[in-house]
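Oh and the sequence shown: position 50 is 30 in my numbering, straight run, nothing missing. Ideal Cβ positions, reconstructed from N, Cα and C, are used throughout, including at glycine. Quick notes on the structure that follows.
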Amino acid sequence: MYVGRFVVVGPEVGAYRVSSRSFPNREITARDEALTVGPTDDAPETDNPYVSYNCLRVVETPTGETAAFGNGSHVDPIAEKLELGYPARDALAESLLALDYEKDDYDTPRIAATIGDDGEALIGTVRKDALLVETVDEPTLVATYEKDTPEAFALESDGATAAASEVYDHEFEHAVCAAGVARTDDGFETAIENGN
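Right, here's the structure in full:
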């Protein structure tokens, strides 16, 4: 099954995977305070605005650290609102609503999730027909296609590296790259799986 890009989030660990038929020549790189999706060196030139973006950021909020991750440029305003002290629910809802679904040929939904250092986890999506933001207490998935409503997902991993590998290796088709994030006693750890 092809579900496109997807996030999985639980109270302790989360992951994001790029799956793509149109732009497979992409990878995730670590830059300053973010993990960034972008074209590989051998990727063909494109002016598609949805190919490159920060997919995961860990930010300091007034109450501690929070990880924010998702499938597009909305990750940055979510992170910025969290830094300003917005509750995670509001940061997700306002940013998803403001940027709306992607205006491409498929009306691709925007998806995102957050994990707070207190274990509060939320997942959200904005589609052409709905804006959904939910608190989750078990691993939950939302994808851009086929599974565009949050649903339970059997994520077995308990660390960032394992989570990135697990979602990268999942049977959903056309895996390109993945990122993982996990809450630890020393803050958040992140990991990248580019499939090399």
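query: Glu(-18) classed as buried or exposed, judged by whether at least 16 other C-beta atoms fall within 10 angstroms; result: It is Tyr, not Glu, that sits at residue -18 in the sequence shown. The residue is exposed, with fewer than 16 neighbouring Cβ atoms inside 10 Å.
query: Val38 and Gly18 closer than 9 Å at C-beta; result: no
query: Local conformation of Val106 per DSSP, three classes; result: strand
query: Three or more C-beta pairs below 8 Å linking the segment -3 to 5 and the segment 88 to 104; result: no
query: Pair within 9 Å by beta-carbon distance, Ile95 and Ala47; result: yes
query: Helix, strand or coil at Thr20 [DSSP, three-state]; result: coil
query: Residue burial classification, Arg(-15) (beta-carbon count within 10 angstroms, cutoff 16); result: buried
query: Neighbour-count burial assignment, Asp165, 16 or more Cβ in a 10 Å radius; result: exposed
query: CA nearest to the CA of Asp209, picked from Pro(-9), Ala(-5), Arg107; result: Since the first residue shown for the chain is -19 and the last is 176, residue 209 is missing from the structure and cannot be characterised.
query: 7 Å Cβ shell around Val147 - same chain, five flanking residues per side excluded; result: Val(-12), Ala(-5), Arg(-3), Ala158
query: Cβ-Cβ distance between Gly167 and Ala140 below 9 Å; result: no
query: Among Ser137, Lys108, Asp85, Asp98, the one whose alpha carbon lies nearest that of Ile91; result: Lys108
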